[in-house]
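S.K.: Can you read through this structure? Questions will come right after.
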Amino acid sequence: MVDGEEKLIKDAIRGNSSAFGVLYDHYQPMIYRFVLVKVGSREEAEDLTHQTFLSAWQNVRTYKHRGHPFSSWLYQIARNQVIDHYRSKKGDVSIEAVDPEYFVAPASASVDLTSKLEMEKVQRAVRQLKPDYQDVIIMRFIEDISLKETAAAMKKSEGAIKLIQHRAIKELQKILESLQL
Amino acid sequence: MNLFETLRQFKTIEPDSSFAEKSKRAILAYPQNIPPMTSPFRSVLQFIETGAAVTLAGFFIILITGVLSDSTSIAPVQYSVIDPAGLHAEAQAIDMQIELAKVAYTEGVTTVAVSGFVASAKPATSSSLTASITAATSSISAVSSSTATSTSISVDQALSQLTN
């Protein structure tokens, strides 16, 4: 959560672009990672992240603060963008279609080769999960978002998220085992 | 491989800074969508529209059901054929016949049983036994003839016979 988030949102609703710019700088990497893990392509992730924030900026006046952070609303938009993206693609995307430049991000330069390979394997496994399972794994274990916030972003109860999380981990471990064979 | 540790390492992935800057500038150059205003005049107009729609729908439902009930060929149920008074009378008549038949049957059985007992109570000789059998047979035939005419006995008469 950004410091003074509520005021920034109010200003953005009034049309203050610099206030929205602050929100963008804070939440853009998080949304980008969320989309990237789900689609596996850097270019597509950039496009979808752009679309997500464009939609957020254009419709920020409809945002209503209900005790959840702004990120929950952004995640909801990003999820819809990914769903629309796959719907318009009409056809299953191969799980092998992972961008080779995927892990060559400036901030990941410190990650060694073994870790990169492991990350690639885990990413392939995550992409084989159901969309809901993917979302929970990304939000809870990559972004370290609270149960309450995840539930708000996914429009589900906290109990439902716990259940999905449990099943998603089990499923992910099973896929990883099959990938190691 | 520690799954959770590997997942945490994904947080090191960041978007290209030049993309982020370009995207932000492009987004903020767009105008915001202005949500439609909710004026009192618009609310009143919506209320009238909804009211008119409901009234029209109700009117058409009444109209359609009225037409259907009038037309004997289209109507799903032939209401004109149903005569409640006739149906009631018929149902009552059926009930009465059943009751009277039951009464007659009970009465007949009782008579036969009583005369049978009376006859078998003191069978002195074979000739008297034959006489009592003949008497029982005649009482059974009498009962069967009374059963045949049982429909003419009213319930009150039947009940008084039973109590006697």
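Taken in order, these protein sequences are the chains called Y and D.
Residues 0 to 180 in numbering that gives the first Met the number 0 are what the first sequence lists, from first letter to last.
Residues 0 to 163 in numbering that gives the first Met the number 0 are what the second sequence lists, from first letter to last.
By construction, the Cβ of each residue, glycine as well, lies at the ideal position given by its N, Cα and C atoms.
Going by beta-carbon coordinates alone, are Glu148 (chain Y) and Ser71 (chain Y) separated by less than 8 Å?
M.R.: It is a contact, given that the beta carbons lie within the stated cut-off.
S.K.: Should Tyr26 (chain Y) go down as buried or exposed, given a rule of 16 or more other Cβ atoms within 10 Å for buried?
M.R.: Buried, by the Cβ-count rule.
S.K.: Under 8 Å, with one C-beta from each stretch per pair, do the segment 126-143 of chain Y and the segment 35-48 of chain Y reach the 3-pair mark?
M.R.: Enough Cβ pairs lie closer than 8 Å, so yes.
S.K.: Got a sec: is the Cβ-Cβ distance from Pro83 (chain D) to anything in chain C below 8 Å?
M.R.: Looking at the structure shown, chain C is missing, and the protein chains on hand are Y and D.
S.K.: Can you tell me whether His67 (chain Y) is helix, strand or coil according to DSSP?
M.R.: Here His67 (chain Y) sits in coil by DSSP.
S.K.: Tell me, please, whether the segment 79-88 of chain Y touches the segment 43-57 of chain Y by the rule of three or more beta-carbon pairs shorter than 8 Å.
M.R.: Counting Cβ pairs under 8 Å, three or more are found: they touch.
S.K.: Between the segment 168-179 of chain Y and the segment 123-137 of chain Y, can you find at least three pairs of beta-carbon atoms closer than 8 Å?
M.R.: Flag = yes, the segment 123-137 of chain Y and the segment 168-179 of chain Y touch.
S.K.: Of all the CB atoms in chain D, is at least one closer than 8 Å to the CB of Thr149 (chain Y)?
M.R.: No, Thr149 (chain Y) does not count as interfacial toward chain D.
S.K.: From which residue to which residue does the alpha helix (DSSP H) around Arg126 (chain Y) run?
M.R.: Unbroken alpha helix (DSSP H) run through Arg126 (chain Y): 112-126.
S.K.: Is the segment 2-15 of chain D close to the segment 16-31 of chain Y, with three or more CB pairs under 8 Å?
M.R.: Yes, they touch.
S.K.: Taking the beta carbon of Met153 (chain Y) as the centre, do at least 16 other beta carbons fall within 10 Å, making it buried, or is it exposed?
M.R.: The residue is buried, with at least 16 neighbouring Cβ atoms inside 10 Å.
S.K.: Relative to the C-alpha of Ala150 (chain Y), which candidate in Y:Ile76, Y:His67, Y:Lys115 has its C-alpha closest?
M.R.: Closest by alpha carbon: Y:His67.
S.K.: Within the 8 Å Cβ cut-off, does Arg7 (chain D) reach chain Y?
M.R.: True, the Cβ-Cβ gap to chain Y drops below 8 Å.
S.K.: One question on the structure: do Ile136 (chain Y) and Leu6 (chain D) come within less than 8 Å of each other, judged by their Cβ atoms?
M.R.: Contact: yes.
S.K.: Is the beta carbon of Leu27 (chain D) closer than 8 Å to that of Gly158 (chain Y)?
M.R.: Contact flag unset, no.
S.K.: Have a look at Val121 (chain Y) and Arg24 (chain D) and give me their C-alpha separation to the nearest angstrom.
M.R.: Rounded to whole angstroms, Val121 (chain Y) to Arg24 (chain D) spans 34 Å at the Cα level.
S.K.: Does Ile63 (chain D) have its Cβ less than 8 Å from a Cβ in chain Y?
M.R.: Closer than 8 Å: no.
S.K.: If you drop the 5 nearest sequence neighbours on each side, which residues of the same chain put their C-beta closer than 6 Å to that of Leu22 (chain Y)?
M.R.: Excluding residues within five positions, the ones whose Cβ falls inside 6 Å are Leu7.
S.K.: Report, in whole angstroms, the separation of the C-beta atoms of Gln57 (chain Y) and Asn32 (chain D), which I expect to be a contact under 8 Å.
M.R.: Contact holds; Cβ gap of about 5 Å.
S.K.: Helix or strand or just coil, what does DSSP make of Val34 (chain Y)?
M.R.: If DSSP states are grouped into helix, strand and coil, Val34 (chain Y) belongs with the helices.
S.K.: Quick one: Cα of Arg41 (chain Y) to Cα of Ser38 (chain D), how far?
M.R.: Their Cα atoms are separated by approximately 46 Å.
S.K.: Hey, Ile76 (chain Y) and Thr113 (chain Y) are a contact pair by Cβ (cut 8 Å); roughly how many whole angstroms apart?
M.R.: That pair is no contact at about 36 Å.
S.K.: Check Val103 (chain Y) in the structure and name its three-state DSSP category.
M.R.: In this predicted model, Val103 (chain Y) has a pLDDT of only 46, less than 50, meaning its place in the structure is not dependable enough to derive any value.
S.K.: Taking the alpha helix (DSSP H) that Glu176 (chain Y) falls in, what are its first and last residues?
M.R.: 157-179 is the extent of the alpha helix (DSSP H) around Glu176 (chain Y).
S.K.: Using a Cβ-Cβ cut-off of 6 Å (strictly less than) and excluding sequence neighbours within five positions of Pro105 (chain Y), which residues of its own chain qualify?
M.R.: Here Pro105 (chain Y) scores only 47 on pLDDT, less than 50, and its place in the model should not be relied on; the value that follows carries that caveat. Excluding positions up to five away in sequence, the list is empty.
S.K.: Taking beta-carbon pairs under 8 Å, can you tell me which members of the segment 6-27 of chain D lie near chain Y?
M.R.: Hits within the stretch, in order: Leu6, Arg7, Gln8, Phe9, Lys10, Thr11, Ile12, Glu13, Pro14, Asp15, Ser16, Phe18, Ala19, Ser22, Lys23, Ala25, Ile26, Leu27.
S.K.: With 8 Å set as the bound, which would you pick, yes or no: does the beta-carbon of Pro130 (chain Y) sit closer than that to a beta-carbon of chain D?
M.R.: Output row for Pro130 (chain Y): interface = no.
S.K.: From Val59 (chain Y) to Phe69 (chain Y), what distance separates their C-alpha atoms?
M.R.: So the alpha carbons of these two residues sit roughly 10 Å apart.
S.K.: Compute the Euclidean distance between the alpha carbons of Ala88 (chain D) and Gln156 (chain D), then round it to the nearest angstrom.
M.R.: Rounded to whole angstroms, Ala88 (chain D) to Gln156 (chain D) spans 21 Å at the Cα level.
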